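K.L.:
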Amino acid sequence: MRLNLFWKLGFAFFALLIAVLLPVDFYAERALRRDYERNGFEELAAIARIALAHPPQLINCSYTASREFACIETWVAQMAASGVRVTVIASNGQVLADSQSDPSTMENHAGRPEIRDAFAKGDGQSIRHSVTIKSDLLYYAVRLSPAGAPPVVLRFALPLQTVDRAIWEFRRRLWLASLVMLLVTGTASLLISRSFSDRVDRLTKFSLRVAEGDFRPIEADRSGDTLDSLAVSLNQTAAQLDGTIRALTEERNLSSAILASMVEGVAVVNSSERLLFSNEGFAEILDLDMPPQSGKALVEVVRQTELIEAVRGVLKGEPRVETEIVTGTLRQHFFAVTVASVRAAETSGAVIVLHDITELRKLERVRRDFVANVSHELRTPLTAIQGFAETLLAGAIDDPQNRLHFLEIILEHSRRLARLTEDLLMLSKMDADRLELEIRRLGVSQFVESCIETTQRPAAEKDLRISVNLQQPLPDIAADRRRIAEVLQNLLDNAMQYTPSGGQIMISASANGTEVIFTVSDTGIGIPRADQSRIFERFYRVDVARSREVGGTGLGLSIAKHLVEVHGGRIWVESEVGQGSQFHFTVPIFDPERAAVRPAR
Ligand code: ADP
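Numbering (numbering that gives the first Met the number 0), first residue to last: 0 to 600.
(1) Among V300, S293, F276, R273, which residue has its Cα nearest to the Cα of D286?
(2) Can you tell me where the alpha helix (DSSP H) holding L426 begins and where it ends?
(3) Quick one: grab the DSSP three-state call for G264.
(4) Which value, in whole angstroms, describes the spacing of the CA atoms of T184 and R172?
(5) Candidates L441, R482, C450, A510: which alpha carbon is nearest L469's?
(6) For L51, I'd like the list of residues in its chain whose CB is within less than 7 angstroms of its CB, leaving aside the five on either flank, ordered along the chain.
(7) With a cut-off of 8 angstroms on the beta carbons, I'd call V467 and A559 a contact; round off their distance for me.
(8) Go ahead and label H566 buried or exposed: buried means 16 or more other beta carbons lie within 10 angstroms of its beta carbon, across all protein chains shown.
(9) Taking the alpha-carbon positions, what's the A64 to D101 distance?
(10) Going along the chain, which residues of its own chain have a beta-carbon closer than 8 angstroms to the beta-carbon of L423, five neighbours each way excluded?
(11) Just the Cα atoms here: how many angstroms apart are L329 and L416?
(12) Buried or exposed: G502, going by 16 or more other Cβ atoms within 10 Å of its Cβ?
(13) Just to confirm my understanding: we take M180, look at its own chain, exclude 5 residues before and 5 after, and list those with CB closer than 7 angstroms. What are they?
(14) Here's the rule: buried if 16 or more other CB atoms are within 10 angstroms of the residue's CB, otherwise exposed. What is F584?
(15) Let me know if S427 comes out buried or exposed under the rule of 16 or more other beta-carbons within 10 Å of its beta-carbon.
(16) Ordered along the chain, which non-local residues of its own chain (more than five positions away) have a Cβ less than 6 angstroms from that of R482?
(17) Here's the rule: buried if 16 or more other CB atoms are within 10 angstroms of the residue's CB, otherwise exposed. What is T552?
(18) Report yes if the C-beta distance between V572 and S580 is below 8 angstroms; otherwise report no.
(19) Going by DSSP in three states, L8 sits in which element: helix, strand or coil?
(20) Please tell me whether M332 and D355 are closer than 8 angstroms, where the distance is taken between their beta carbons.
(21) Would the C-beta of R482 count as close to ligand 1, meaning under 7 angstroms from any of its heavy atoms?
(22) Got a sec, what are the start and stop residues for the alpha helix (DSSP H) T453 sits in?
(23) Looking at the structure shown, is Q303 part of a helix, part of a strand, or coil, going by DSSP?
(24) So F584 is in the beta strand (DSSP E); what residue range does that whole segment cover?
(25) Secondary structure at A96, three-state DSSP: helix, strand or coil?
(26) Cα-Cα, which of L31, D590, A76 is closest to L441?
(27) Who are the Cβ neighbours of A176 in its own chain at under 6 angstroms, not counting the five residues just before and after it?
(28) Measure from the alpha carbon of G294 to the alpha carbon of each residue in S228, R273, V320, M78, then state which is nearest.
(29) Taking the alpha carbon of A309 as the reference point, which residue from V268, G280, G327, T346 has its own alpha carbon closest?
(30) Could you give the DSSP three-state label for T522: helix, strand or coil?
(31) Return the chain-ordered list of same chain residues with a C-beta closer than 6 angstroms to the C-beta of Q578, the five sequence neighbours on each side being excluded.
(32) Check whether the Cβ atoms of V209 and L240 sit closer than 8 angstroms, and answer yes or no.
(33) Using the Cβ count rule (16 or more neighbours within 10 Å means buried), how would you classify M289?
(34) Please check the pair P474 and I588, which I expect to be a contact at CB under 8 angstroms, by giving their CB distance rounded to whole angstroms.
(35) What residue range does the beta strand (DSSP E) around I570 cover?
(36) Return the chain-ordered list of same chain residues with a C-beta closer than 8 angstroms to the C-beta of M261, the five sequence neighbours on each side being excluded.
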């Protein structure tokens with residue numbers, strides 16, 4: 000690159016020099032030659048004027064045997080002293096005398112142009128090669144017409160060799176000067192090209208560095224020329240690129256982080272139904288082993304036809320399609336699918352969002368079941384009350400044997416209705432979070448005793464033995480006395496209801512450091528394993544007919560569970576069919592420090 004630039008610049012300088020030199024040489028030679036010839040002719044004309052003023056003696060010129068015109072020859076010799084060649088030619092062209100040759104050996108000069116002109120017009124000039132002295136000459140001739148003698152021509156000639164010498168001298172100097180100039184400019188071009196290519200090299204390296212992502216600025220050389228301003232503008236471009244790339248990277252990282260942390264499944268497909276992107280949630284929801292690779296066909300990844308159909312709908316032009324899919328076979332999960340069209344600069348496709356609505360569906364089912372259950376629960380006592388009331392009205396009121404029995408049935412069912420309404424009210428309070436708790440310090444044995452008091456009589460009636468077994472000493476608990484008593488009462492009621500006569504019921508309590516564990520055990524009918532996890536659900540009963548028979552609503556345990564949990568405790572059951580059941584629940588130990596900061600709900 001450096002050598003290249005150097006040679007290019009050097010060649011340019013050289014070509015420029017030659018381009019200037021050649022015409023200079025050409026025109027200078029022509030000018031010099033013309034100037035010399037003009038000067039030559041002027042010199043010859045001046046000599047001619049002198050010659051005319053002192054013409055040779057042509058009349059009475061003595062004739063010698065060896066020298067034809069001695070007097071002319073003398074004159075010629077005198078004139079030739081000025082350094083020019085002098086020739087005298089007669090009107091017939093015969094050379095009478097010549098300063099450099101023997102006239103007798105010279106040919107007839109009548110045809111020479113300057114001679115012809117001189118005889119015709121008085122003077123004539125020409126530049127020719129002289130055959131006689133074998134060199135180029137400037138010729139100038141004048142006619143001399145002496146009185147009483149035929150005219151002759153006096154011709155003066157100057158050799159051209161001196162012109163050629165002068166021109167060659169000029170040329171030598173010109174070319175020498177040019178050579179020196181070439182050397183100087185060559186060195187200058189070397190230096191300039193070296194510094195220039197150094198700077199261009201630095202800029203090239205800088206742009207390569209920028210292409211690789213290194214945006215550190217290049218040092219400006221402050222020479223103030225175009226390369227310098229190029230470096231400054233490249234620096235600005237690099238800084239802008241750096242800023243833009245940083246902003247884009249940050250934005251991309253942020254979006255990736257958002258998409259990755261989303262529980263919703265998000266995926267993007269292109270117009271040919273191939274996945275461009277999917278987040279972890281998407282793979283998790285569709286139960287894929289790993290996130291699908293970009294470019295994979297959607298049908299290879301997704302089995303749910305509703306989802307594929309929705310995507311196709313959007314790709315065909317619909318702006319948005321919503322549907323629902325179900326995943327899992329044993330534990331079903333429901334997902335709302337929203338597919339919307341996306342259009343980027345050149346690509347178009349669809350974005351899929353999967354949102355878990357399992358909880359919502361479950362709640363909807365629970366609400367539906369709840370309404371159905373409540374209606375069902377209300378219908379039985381209401382039908383009974385209505386039926387017996389109608390029977391009484393229809394005349395049974397006058398039947399002293401049965402009317403009391405009928406009225407008792409009506410009373411029993413209305414009590415049941417009242418219990419049901421009370422439980423429902425309680426549930427609605429709990430659901431609306433309007434249950435107010437008055438958490439106080441509560442002594443366990445005192446609290447258990449008071450609960451048993453109310454149970455003693457019905458237990459004795461059913462021939463059930465109630466015993467209490469409290470670990471000693473027991474710490475006090477933090478609880479709302481009325482609510483926690485409801486829990487224990489409910490468990491005792493159930494134990495009495497589901498334990499046949501002669502059975503035993505035991506209440507025990509122990510502490511584990513942070514909480515007191517209460518246990519109500521009975522020797523009753525027990526609960527099948529499959530039902531154990533469900534008896535805390537609303538309206539769930541193991542044996543519906545039996546529950547109704549003993550006046551149960553199916554809500555007692557669900558209320559108990561809720562009450563225990565709002566106290567910060569747990570409730571669970573252990574049971575064996577035919578052996579009996581143990582219901583356990585925990586209540587936190589009273590902590591004076593926490594009590595001071597914990598506001599009563
Ligand atoms: P219910 O008003 O029907 O007693 P619960 O919510 O109190 O409603 O109890 C739910 C179901 O759990 C009962 O219907 C019964 O089948 C079962 N169950 C509760 N306690 C016992 C127990 N001590 N022994 C046997 N089964 C029980």
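All C-beta atoms, glycine included, are put in the ideal place defined by N, C-alpha and C.
Quantities reported herein were computed from a predicted structural model and do not represent experimental measurements.
P.N.:
This is what the structure gives:
(1) Translated into positions along the sequence shown, residue 286 becomes position 287. When only C-alpha atoms are compared, the closest one is V300.
(2) Numbered from its first residue, the sequence shown carries residue 426 at position 427. Its alpha helix (DSSP H) spans residues 402-430.
(3) On the sequence shown, position 265 is the one that residue 264 refers to. If DSSP states are grouped into helix, strand and coil, G264 belongs with the strands.
(4) Stepping through the sequence shown from its first residue, residue 184 is reached at position 185. Stepping through the sequence shown from its first residue, residue 172 is reached at position 173. Whole-angstrom Cα-Cα distance: 18 angstroms.
(5) If you number the sequence shown from 1, residue 469 lands on position 470. Looking at the Cα atoms, A510 is the closest of the given residues.
(6) Residue mapping note: residue 51 aligns to position 52 of the sequence shown, counting from 1. Closer than 7 angstroms at Cβ, skipping near neighbours: V141, L143.
(7) Position 468 of the sequence shown, counting from 1, holds the residue named residue 467. Position 560 of the sequence shown, counting from 1, holds the residue named residue 559. Not really, about 19 angstroms apart at Cβ, beyond 8 angstroms.
(8) Looking up residue 566 in the sequence shown gives position 567. By the 10 Å Cβ count, H566 comes out buried.
(9) The sequence position of residue 64 within the sequence shown is 65, counting from 1. The sequence position of residue 101 within the sequence shown is 102, counting from 1. Annotation note: pLDDT 45 at A64 (below 50); position unreliable, no value reported.
(10) Within the sequence shown, the letter at position 424 stands for residue 423. These residues qualify, in order along the chain: V373, L554.
(11) In the sequence shown, the residue the question calls residue 329 occupies position 330. In the sequence shown, the residue the question calls residue 416 occupies position 417. Between L329 and L416, the C-alpha separation is close to 38 angstroms.
(12) For the purposes of this step, residue 502 is taken as the residue at position 503 of the sequence shown. Buried is the call here.
(13) Here residue 180 refers to the residue found at position 181 of the sequence shown. Here M180 has L16 as same chain residues with Cβ atoms under 7 angstroms from its own Cβ, once five neighbours each way along the sequence are excluded.
(14) The residue labelled residue 584 in the question sits at position 585 within the sequence shown. So F584 counts as buried.
(15) Indexing the sequence shown from 1 puts residue 427 at position 428. Exposed is the label assigned to S427, since fewer than 16 other Cβ atoms lie within 10 Å of its Cβ.
(16) Translated into the one-based positions of the sequence shown, residue 482 becomes position 483. Same-chain partners within the cutoff: L562.
(17) Here residue 552 corresponds to residue number 553 of the sequence shown, with the count starting at 1. T552 is buried by the Cβ-count criterion.
(18) On the sequence shown, position 573 is the one that residue 572 refers to. On the sequence shown, position 581 is the one that residue 580 refers to. Yes, they are a contact pair.
(19) As a working note, residue 8 is residue 9 in the sequence shown. Residue state, collapsed to three classes: helix.
(20) Position 333 of the sequence shown holds residue 332. Position 356 of the sequence shown holds residue 355. It is worth fixing the name first, because residue 332 is His in this sequence and not Met. Yes; because the gap between Cβ atoms is below 8 angstroms, this pair is in contact.
(21) By one-based count along the sequence shown, residue 482 stands at place 483. No, the beta carbon of R482 sits no closer than 7 angstroms to any heavy atom of ligand 1.
(22) Counting from 1 along the sequence shown, the entry for residue 453 is found at position 454. First-last of the alpha helix (DSSP H) with T453: 443-460.
(23) On the sequence shown, residue 303 is found 304 positions in, with the first residue counted as 1. DSSP places Q303 in coil when its eight states are reduced to three.
(24) For the purposes of this step, residue 584 is taken as the residue at position 585 of the sequence shown. Counting along the chain, the beta strand (DSSP E) containing F584 begins and ends at 579-587.
(25) Residue 96 sits at position 97 when you count from the first residue of the sequence shown. The answer is strand: DSSP assigns A96 an E or B state.
(26) For this step, residue 441 is matched to residue 442 along the sequence shown. Minimum Cα-Cα distance from L441 among the listed residues L31, D590, A76 corresponds to D590.
(27) Numbered from 1 along the sequence shown, position 177 holds the residue referred to as residue 176. For A176, there are no CB contacts under 6 angstroms within the same chain when 5 residues up- and downstream are skipped.
(28) Working through the sequence shown from its first residue, we reach residue 294 at position 295. Taking only the C-alpha atoms, the option nearest G294 is R273.
(29) Translated into the one-based positions of the sequence shown, residue 309 becomes position 310. With distances taken between Cα atoms, A309 lies closest to V268.
(30) On the sequence shown, position 523 is the one that residue 522 refers to. In the structure shown, T522 sits in coil (DSSP, three-state: anything other than H, G, I, E or B).
(31) Along the sequence shown, read from residue 1 onward, the residue named residue 578 stands at position 579. Correct list, in chain order: G525.
(32) In the sequence shown, the residue the question calls residue 209 occupies position 210. In the sequence shown, the residue the question calls residue 240 occupies position 241. Contact flag set, yes.
(33) Working through the sequence shown from its first residue, we reach residue 289 at position 290. With a 10 Å radius around the Cβ and a threshold of 16 neighbouring Cβ atoms, M289 comes out exposed.
(34) Start at 1 with the first residue of the sequence shown, and residue 474 comes out as number 475. Start at 1 with the first residue of the sequence shown, and residue 588 comes out as number 589. P474 to I588, Cβ: 5 angstroms. Contact.
(35) Here residue 570 corresponds to residue number 571 of the sequence shown, with the count starting at 1. First-last of the beta strand (DSSP E) with I570: 570-575.
(36) The residue you call residue 261 lines up with position 262 of the sequence shown. Around M261: N278, G280.
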